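Residue numbers (the UniProt record's numbering): 1 to 570.
All residues carry an ideal CB built from backbone N, CA and C; glycine is no exception.
Just so it is clear, the structure is predicted and the values come from calculations on it, not from any experiment.
Reviewing the structure listed below.
As structure tokens, then:
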């Protein structure tokens with residue numbers, strides 16, 4: 001027998017079919033010691049450190065391989081959820097039992113309470129719904145449950161275990177919706193670690209997100225609300241006749257937006273550098289050219305940039321494209337979408353938000369909510385000039401960048417690193433416009449140099465070249481971006497060239513980026529006047545759930561957390 005097999009037989013004999021399940025506690029302690037020595041991280045870094053005791057406790061009262069059984073195939077009783085049990089019991093009087101109904105319900109144990117030697121009360125949870133299981137040995141004894149098995153059950157069950165209960169719907173004297181057990185509850189999956197009452201250590205929370213979810217229920221509620229938001233957005237576009245599509249994540253081009261991409265190489269194409277897409281934009285517009293009509297996509301995008309409270313290199317975006325939609329239509333569509341999402345989330349009920357603070361959902365139907373349109377609109381240039389008290393120079397002139405830099409010096413504004421004209425204008429927006437956008441507000445009429453994929457025109461009020469673009473800001477943060485798409489292959493080529501020039505100046509370029517000839521060729525086949533729209537899902541979830549960090553609305557946190565999960569020893 002190989003040495004590794006001998007060690008395995010010694011440490012885990014109960015998992016070998018030819019050995020009887022009589023593992024004594026010393027085996028469990030030996031196994032734990034072995035794994036502790038083999039790990040680079042000491043066992044004390046476990047949230048509770050009681051793994052060995054739990055193994056010994058289970059082994060002393062049952063067989064370890066029986067602690068994770070297959071789901072029983074019961075044809076005599078229906079399997080229902082905790083929520084259905086609550087509904088079935090809710091109509092009963094206190095102390096009453098539905099003897100004609102018998103169900104099996106499963107859930108995670110939240111608490112265990114005993115009353116004497118024959119009565120156990122267990123709170124079980126499933127999908128954030130809680131019910132009570134009552135195990136009365138006087139009833140179980142009548143159904144042939146031996147006292148020793150009942151006592152073993154009491155010794156084993158604890159918070160965090162998954163159990164299945166068979167019994168009748170019942171309402172306790174205190175009014176709790178319950179199931180009155182008629183059979184000994186079956187352990188379906190034990191927790192080998194004691195769930196901590198609190199988990200305040202940020203490192204542990206990041207390393208064990210599953211434990212964090214068990215302790216801090218706001219994490220679970222946030223993910224459920226995120227699901228509802230994505231479902232609501234899909235329903236909105238589906239109801240308007242859009243086709244939902246999935247476009248490539250790996251491509252030889254970055255995908256349109258101005259950002260540094262992630263690069264990789266495929267085994268099948270070792271001479272080609274591939275990028276994770278920055279945005280699905282150019283793919284979706286190709287589909288419009290091809291005649292698919294209104295399209296949308298919800299999916300991941302990647303930008304090789306920093307991590308902070310509102311940015312993560314991997315994020316989820318929704319983009320939509322509609323032929324013959326102008327900017328005004330896109331802004332009204334945004335108002336309708338957000339107002340509708342608010343109403344859908346409000347209908348989930350306050351219980352769905354009970355662990356969350358600062359949610360943007362207003363449950364008082366008699367009060368105005370944040371997303372009632374129409375939203376204010378602030379033209380970029382006019383607003384900057386008003387707030388700054390200075391006129392902007394002709395932004396298409398050769399010395400526009402220097403003139404803007406002079407304004408920064410005069411107004412004592414911090415100059416951004418590698419100050420290209422688009423970066424300077426963006427900094428002016430951050431200084432003078434975005435702080436005005438507390439309630440949902442559209443920033444419109446951006447200088448054309450800031451929007452290389454948007455249609456542009458001369459503003460009749462300022463005589464500046466501006467884009468047919470709008471951004472939605474709420475509480476000073478951007479949530480949506482929309483514009484009338486540039487559909488001239490000649491104008492788009494000029495804008496691509498200008499975009500590349502700025503990328504090389506500000507350091508975002510690497511000398512390898514080129515004009516996307518494939519996309520320009522697609523435009524040559526005719527892109528109708530099209531309205532394009534994009535919204536970051538992660539920030540929207542942050543807004544509706546009141547979370548302050550983007551990592552708190554992602555199942556496994558930011559890129560730092562994900563990398564930490566893969567590289568740290570547990």
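Check	Outcome
Collapsed DSSP secondary structure at residue 459 in the structure displayed	coil
Cβ contact check for the region 177-197 and the region 133-152: 3 or more pairs under 8 Å	yes
C-beta atoms of residue 442 and residue 417 nearer than 8 Å	no
Distance, residue 220 Cα to residue 105 Cα	21 Å
Outcome for residue 550 when other beta-carbon atoms lying within 10 angstroms are tallied against a minimum of 16	buried
Beta-carbon proximity check, residue 457 vs residue 539, cutoff 8 Å	no
For residue 228, the first and last residue of its enclosing alpha helix (DSSP H)	217-239
Among 274, 275, 319, 272, nearest to residue 295 - alpha-carbon criterion	319
Residue 20 classed as buried or exposed, judged by whether at least 16 other C-beta atoms fall within 10 angstroms	Annotation note: pLDDT 43 at residue 20 (below 50); position unreliable, coordinate value reported separately. By the neighbour-count rule (16 or more Cβ atoms within 10 Å), residue 20 is not buried but exposed.
Exposed unless 16 or more other CB atoms sit within 10 angstroms - verdict on residue 75	exposed
DSSP beta-bridge partners of residue 302	314
Residues near residue 183 in its chain [Cβ-Cβ closer than 6 Å; skip 5 each side]	166
Cβ-based burial, residue 446 [other Cβ within 10 Å; buried from 16]	buried
Classification of residue 41 by the beta-carbon crowding that lies within 10 angstroms, buried from 16 upward	With a pLDDT of 40 at residue 41, under the threshold of 50, the modelled position of that residue is not reliable, and no figure is offered here.
Within the region 363-399, ranges of the alpha helix (DSSP H) (whole runs, at least 4 residues)	380-388
Selection from 343, 336, 347, 252 that minimises the alpha carbon distance to residue 266	252
Whole-Å CB distance - residue 474 paired with residue 543, under 8 Å assumed	6 Å
CA nearest to the CA of residue 423, picked from 196, 455, 401	401
Bridge partner(s) assigned by DSSP for residue 243	295
Beta strand (DSSP E) runs contained entirely in the region 137-212, provided each spans 3 or more residues	162-171, 177-181, 186-189
Environment of residue 71 [buried if 16+ CB atoms lie within 10 Å]	exposed
Beta-carbon proximity list for residue 95, same chain, < 8 Å, skipping 5 on both sides	171, 172, 173
Three or more C-beta pairs below 8 Å linking the region 422-441 and the region 378-385	yes
Cβ pair residue 482, residue 330 closer than 8 Å	yes
Residue 60 - partner residues in DSSP beta bridges	BP columns for residue 60 are empty, so no partner.
Pair within 8 Å by beta-carbon distance, residue 163 and residue 112	no
At least three beta-carbon pairs within less than 8 Å, the region 229-239 to the region 296-311	yes
Supposed close pair residue 224, residue 260 - CB separation, criterion 8 Å	The pair is not a contact, with the Cβ atoms about 34 Å apart (cut-off 8 Å).
The alpha helix (DSSP H) enclosing residue 82, as first and last residue numbers	82-90
C-beta contact flag for residue 316 and residue 283 at 8 Å	no
Residue 101: first and last residue of the uninterrupted alpha helix (DSSP H) it sits in	Residue 101 -> no alpha helix (DSSP H), and no H or E assigned at all.
C-beta atoms of residue 365 and residue 546 nearer than 8 Å	no
Collapsed DSSP secondary structure at residue 538 in the structure displayed	helix
Whole-angstrom distance between residue 414 and residue 494, CA atom to CA atom	31 Å
Three-state class that DSSP yields for residue 442 in the structure shown	strand
Cβ neighbour criterion (16 or more within 10 Å) applied to residue 99	exposed
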